[in-house]
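A.B. asks: UniProt numbering puts the sequence shown at residues 1 to 124. We treat Cβ as the ideally placed atom computed from N, Cα and C, and that holds for glycine.
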Amino acid sequence: YAPLPGPKSIRLLLLQPGETEEPICQSFIYSVGRWPSYDALSYTWGGEKKTKQIKCNSTDFPVTPNLCRALKRLRDPEEPRLIWVDAICINQDDDDERGQQVRIMSDIYGAARKVIIWLGEVEE
């Protein structure tokens, strides 16, 4: 992770258009007052281990199976989509960054164009 430049800076993911197995996203940093229109994803972390890999900035990135399914479902085959999701947009290994981002989480969700709630796939 590149460090965030300020206390109200955030990372956003650009979900690339494409099919499910193609590289999925790129990460970009935005400073306060310059946040573009984006959607926020809230999903269940559950007790799942990070056992799936997605391609982000051409690097394998570990995520939970539920988050992997959500990102693949939210990805449009033709149009890019800007999205914020805590597990990827916050450096979970940096306690200072994680604490700072948690403090502005209401701003992050409040500024989103829409908040998507992902509970998982429908079971048949």
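CB-CB under 6 Å to Trp35, same chain, minus the five flanking residues each way: which ones, in chain order?
C.D. replies: Here residue 35 is taken as the residue at index 35 of the sequence shown, counted from 1. Closer than 6 Å at Cβ, skipping near neighbours: Ala111.
A.B. asks: Counting Cβ pairs, one atom from each stretch, are 3 or more of them under 8 Å apart for the segment 50-64 and the segment 81-92?
C.D. replies: Segments in contact, yes.
A.B. asks: Can you find the residues in the same chain that come closer than 8 Å, C-beta to C-beta, to Thr51, ignoring five residues on each side of it along the sequence?
C.D. replies: Along the sequence shown, read from residue 1 onward, the residue named residue 51 stands at position 51. Hits under 8 Å: Pro62, Thr64 and Pro65.
A.B. asks: Of the residues Pro3, Glu19, Ala2 and Pro7, which one's Cα is nearest the Cα of Pro77?
C.D. replies: Position 77 of the sequence shown holds residue 77. Among Pro3, Glu19, Ala2 and Pro7, the Cα nearest to that of Pro77 belongs to Glu19.
A.B. asks: If you draw a straight line from the C-alpha of Arg73 to the C-alpha of Pro7, how long is it?
C.D. replies: Taking the first residue of the sequence shown as 1, we reach residue 73 at position 73. Taking the first residue of the sequence shown as 1, we reach residue 7 at position 7. Answer to the nearest angstrom: the Cα atoms are 31 Å apart.
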